[in-house]
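So the sequence shown is residues 51 to 134, counted in our numbering.
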Amino acid sequence: MTMIVTTNSPNWKVDARVQSKKMKCPRCGNETVFNFCVGLERYEQYLFFKIPIEKIYGFKCSICPYVETVDAQVAKALVKRGRV
Ligand SMILES: [Zn+2]
Numbered sequence: 051m052t053m054i055v056t057t058n059s060p061n062w063k064v065d066a067r068v069q070s071k072k073m074k075c076p077r078c079g080n081e082t083v084f085n086f087c088v089g090l091e092r093y094e095q096y097l098f099f100k101i102p103i104e105k106i107y108g109f110k111c112s113i114c115p116y117v118e119t120v121d122a123q124v125a126k127a128l129v130k131r132g133r134v
């Protein structure tokens with residue numbers, strides 16, 4: 051039996067391959083560092099295994115939970131470009 055699970059609060063993982071950026075957070079108002087993160091929006095539950103089926107990418111505020119999401123294609127381009 052498989053089940054599709056959607057989570058609103060993915061566990062963001064920092065991807066250090068992409069340069070973090072400094073900007074003012076629209077949520078907490080702090081001028082802070084945004085790290086490039088990868089999160090799982092949905093995964094499939096199969097017995098004891100969780101299989102990721104959809105990834106989301108974004109820059110996450112280092113102070114609050116705000117994430118500025120980017121499209122998967124943009125994210126791939128960022129990873130390809132690497133740190134500048
Ligand atoms: Zn913030």
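Backbone N, C-alpha and C define an ideal beta-carbon position, used for all residues, glycine too.
| Query | Result |
| --- | --- |
| Going by other Cβ atoms of all chains shown within 10 Å of its Cβ, with 16 needed for buried, is residue 127 buried or exposed? | exposed |
| For residue 110, count neighbouring Cβ atoms within 10 angstroms of its own Cβ and tell me buried if that reaches 16, exposed if not. | buried |
| For residue 62, which residues in the same chain have their Cβ closer than 6 Å to its Cβ, ignoring the five residues on either side in sequence? | 87, 89, 110 |
| With residue 123 as the anchor, note down where its beta strand (DSSP E) starts and where it stops. | Note, residue 123: premise wrong, no beta strand (DSSP E); alpha helix (DSSP H) at 122 to 131. |
| On the CB-based measure, 16 or more other CB atoms within 10 Å of its CB, does residue 7 come out buried or exposed? | Residue 7 is absent from the model: the chain starts at 51 and stops at 134. |
| Note down the Cα distance separating residue 70 from residue 92, rounded to an integer number of angstroms. | 25 Å |
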